[in-house]
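Novice:
In our numbering, the protein residues as written are 10 to 178.
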């Protein structure tokens, strides 16, 4: 990846955190669907990013959100788990001819058949862990699943819009 992409990615990470904290903190879809755009940093990280960097970055992002949301480590745990599982998700979704090391994770390059399952898997994993931790009891499993499903759908819509606006074509 070139230096231009790295600067763009870092700027995108900073902007996603600012938007999350200033605008999306109190936004909910029917009280059950939440948009966690800060996951963009982990989802869109370059393919060759070492897992250790993803885990450390995921912890930093999650901890920052926990500080502002007062959630006592729930975002940090869920984000670190997603960062740790990301290479496994790549193995599950690997195209027949593998990845091009120059490939960026984008709708334009990866096409919708790979991009949306990848984003959905990342978002749903994060959301189900986050909402199960939030409920802290098995009796709220149905509500946690509903929140995770609606939040994943909302996240997919937001990420699709971001990709459409970010496409260079």
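The beta carbon of each residue, even a glycine, is placed where N, CA and C say it ideally should be.
Grab me the residues of residue 67's own chain with a C-beta within less than 7 angstroms of its C-beta, minus the 5 sequence neighbours each way, in chain order.
Specialist: Position 58 of the chain shown, counted from the first residue, corresponds to residue 67. Here the set comprises 51, 88, 89, 91, 92.
Novice: Can the beta-carbon of residue 98 be found closer than 9 angstroms to that of residue 56?
Specialist: Sequence index remark: in the chain shown, residue 98 carries index 89 (1-based). Sequence index remark: in the chain shown, residue 56 carries index 47 (1-based). In this structure, residue 56 does not lie closer than 9 angstroms to residue 98 by Cβ.
Novice: Using 8 angstroms for Cβ pairs, my map puts residue 125 next to residue 157. What's the rounded Cβ distance?
Specialist: Along the chain shown, read from residue 1 onward, the residue named residue 125 stands at position 116. Along the chain shown, read from residue 1 onward, the residue named residue 157 stands at position 148. With a Cβ gap of about 17 angstroms, residue 125 and residue 157 do not count as contacting.
Novice: For residue 121 and residue 131, I'd like the C-alpha separation in whole angstroms.
Specialist: Along the chain shown, one-based indexing puts residue 121 at 112. Along the chain shown, one-based indexing puts residue 131 at 122. Using only the alpha carbons, I get a separation of about 15 angstroms.
Novice: Go ahead and pull the three-state DSSP assignment for residue 7.
Specialist: Past the boundaries of the shown model lies residue 7; the chain is included only from 10 to 178, so the question cannot be answered.
Novice: Determine the closest residue to residue 72 out of 61, 62, 86, with distance taken between C-alpha atoms.
Specialist: Walking along the chain shown from the start, residue 72 turns up at place 63. Nearest C-alpha to residue 72: 86.
Novice: Output the boundary residues of the alpha helix (DSSP H) element that contains residue 5.
Specialist: There is simply no residue 5 to check, as the chain begins at 10 and stops at 178 in what is shown.
Novice: Threshold first: 4 residues or longer. Then list the alpha helix (DSSP H) segments lying entirely within the segment 44-68, N to C.
Specialist: Those alpha helix (DSSP H) runs which fall completely within the segment 44-68 and span 4+ residues are 49-52.
Novice: Classify residue 81: buried if its beta carbon has 16 or more other beta carbons within 10 angstroms, exposed otherwise.
Specialist: The sequence position of residue 81 within the chain shown is 72, counting from 1. By the neighbour-count rule (16 or more Cβ atoms within 10 Å), residue 81 is not buried but exposed.
Novice: Smallest Cα separation from residue 42: which of 161, 142, 25, 84?
Specialist: As a first step, residue 42 must be located in the chain shown, where it is residue number 33. Checking every option, the nearest Cα to that of residue 42 belongs to 161.
Novice: Would residue 165 and residue 128 be called neighbours here (beta carbons separated by less than 9 angstroms)?
Specialist: Within the chain shown, residue 165 is the residue found at index 156, counting from 1. Within the chain shown, residue 128 is the residue found at index 119, counting from 1. Contact: yes.
Novice: Quick check on this structure: which residue in 39, 175, 18, 47 has the alpha carbon closest to the alpha carbon of residue 32?
Specialist: In the chain shown, the residue the question calls residue 32 occupies position 23. The shortest C-alpha separation from residue 32 is found at 47.
Novice: Give the straight-line distance between the Cα atoms of residue 75 and residue 144, rounded to the nearest whole angstrom.
Specialist: One-based indexing of the chain shown puts residue 75 at position 66. One-based indexing of the chain shown puts residue 144 at position 135. Residue 75 and residue 144: Cα-Cα distance of roughly 16 angstroms.
Novice: Quick check: what's the CA-CA separation for residue 167 versus residue 19?
Specialist: Within the chain shown, residue 167 is the residue found at index 158, counting from 1. Within the chain shown, residue 19 is the residue found at index 10, counting from 1. The alpha-carbon atoms of residue 167 and residue 19 are separated by roughly 19 angstroms.
Novice: How many Å lie between residue 77 and residue 84 at the Cα?
Specialist: Reading the chain shown from its first residue, position 68 is the one you call residue 77. Reading the chain shown from its first residue, position 75 is the one you call residue 84. Approximately 11 angstroms, taken between the alpha carbons.
Novice: What residue does the alpha helix (DSSP H) around residue 153 start on, and which one ends it?
Specialist: Mapped onto the chain shown, residue 153 falls at position 144. Here the alpha helix (DSSP H) through residue 153 covers 150-175.
Novice: If you draw a straight line from the C-alpha of residue 163 to the C-alpha of residue 54, how long is it?
Specialist: Against the chain shown, residue 163 aligns to sequence position 154. Against the chain shown, residue 54 aligns to sequence position 45. Taking the straight line joining both Cα atoms gives about 21 angstroms.
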